[in-house]
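Below is one structure, written out as structure tokens, with a few remarks after it.
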Ligand code: AHG
Ligand code: MN
Ligand code: MN
Ligand code: MN
């Protein structure tokens, strides 16, 4: 018998001490993503491709779909009274939703913007936190990744897939013909070893010496000290890379870049690194900024960026050791 997202959320409540109303928050997120999915599927037919000719606080040019997805997330989530506040890659500061709400939702409404116009997999990434008591301020959101109550993503690829953790393993749902998320896989385990890596090689000259050395070792193949031939993949959508790693292992990194010493990496701690790291840990993988476990980083700003290395545990540990030996 098929298990839908609603059944799964009910089962989680029966089996674990799930925070009351958290399932309703997840339902609102999934409803927003269903709406985003409909827009994406229509593409040029719905005039949603191309640039919005605006910029965001990240210094990025916004695509129409970045703006539209952000609007859909904010409108849908604000209508859930359990949600107190929102933070988004596309908003300068946090958004106040409902004064009596108990939850905060942080999101990257559209991940993989450079792939929108070329019909390559993109996604939405989300993180749920409990709202601390008192007035809602930026500090309310600055909780370390371990404090997340839930996280996940929706991958808009050949199939639309929701991947979710309420911190009791991972569940993967495929959008069925009735437009419902139907459970298709539970608790994927990332193999500890791998021979597949993902990095934007075009930035090589900007990497720090430890990352230069690590990638050179992988490229040396069988005759090098790693003793095996490595394969490379780079989709340029973090959702797609993380999904591949959950399905078959691998290592993904967006390392520190010497171009801008104030920004230790490209990816955002609150909207990308934290939610993905929680999923990776729930699947026996590891996630680090090369200095510490990503989930232990105390955030200092909503839009904070971090270096990210995540995936198969032995490979992540190897990279970390190389950085520490440096
Ligand atoms: P976003 O589209 O939300 O700004 O995020 C894009 C991120 C991430 O998805 C991906 O891993 C990386 O940027 C791709 O960067 P490059 O374009 O430098 O390859
Ligand atoms: Mn962006
Ligand atoms: Mn992103
Ligand atoms: Mn984005």
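Residue numbers (this note's numbering): 756 to 1081. The C-beta atom is built at its ideal place from N, Cα and C for all residues, glycine as well. Owing to the predicted nature of the structure, the values given are computational and were not obtained by experimental measurement.
- Following the DSSP letters along the chain, one finds residue 822 inside the alpha helix (DSSP H) bounded by residues 819–833.
- Between the alpha carbons of residue 767 and residue 958 lies a gap of roughly 43 Å.
- Counting along the chain, the unbroken alpha helix (DSSP H) around residue 1030 starts and ends at 1029–1037.
- Excluding five sequence positions before and after residue 785, the CB atoms of its chain that fall closer than 7 Å to its own CB belong to 760, 917 and 936, given in chain order.
- Closest by C-alpha distance to residue 892, out of 1066, 850 and 771, is 850.
- Here residue 1037 is buried. Its C-beta has 16 or more other C-beta atoms within 10 Å.
- Set against 8 Å, the gap from the CB of residue 846 to the closest heavy atom of ligand 1 is not smaller.
- Checking the DSSP bridge columns, you'll see residue 1063 partnered with 1009.
- In the DSSP assignment, residue 1080 falls within the alpha helix (DSSP H) that extends over 1068–1080.
- For residue 816, the beta-bridge partners assigned by DSSP are 810.
- Excluding residues up to 5 positions away in sequence, 972 lie with their Cβ nearer than 6 Å to the Cβ of residue 979 in the same chain.
- Each residue's CA atom was taken as its position, placing residue 829 and residue 1052 some 26 Å apart.
- Assignment of residue 1045 by DSSP, reduced to helix, strand and coil, places it in the coil class.
- Not one heavy atom of ligand 2 lies closer than 8 Å to the C-beta of residue 872.
- Judged by pairs of C-beta atoms under 8 Å, the stretch 983–994 does not touch the stretch 1038–1046, as fewer than three such pairs exist.
- Between ligand 2 and the CB of residue 868, the shortest heavy atom gap is smaller than 8 Å.
- One thing to note: residue 872 has its Cβ within 9 Å of the Cβ of residue 805.
- Runs of the beta strand (DSSP E) lying entirely within the stretch 866–940 and spanning at least 3 residues, in chain order: 877–885, 905–911, 915–920 and 925–930.
- Burial is judged here by how many other beta carbons sit within 10 angstroms of a residue's own beta carbon; residue 812 has fewer than 16 and is exposed.
- At least one heavy atom of ligand 2 lies closer than 8 Å to the C-beta of residue 811.
- The C-alpha of residue 1078 is placed about 16 Å away from the C-alpha of residue 954.
- Closest by C-alpha distance to residue 820, out of 1022, 782, 996 and 845, is 845.
- For residue 996, the enclosing alpha helix (DSSP H) covers residues 993–1003.
- Bridge partners of residue 863 according to DSSP: 880.
- Remark: the C-beta of residue 1002 is outside contact range of ligand 1, defined as less than 8 Å to any heavy atom.
- Under the three-state reduction of DSSP output, residue 756 falls in the coil class, being neither helix nor strand.
- Annotation: residue 1063 to residue 961 spans about 15 Å, alpha carbon to alpha carbon.
- Counting along the chain, the unbroken alpha helix (DSSP H) around residue 791 starts and ends at 777–797.
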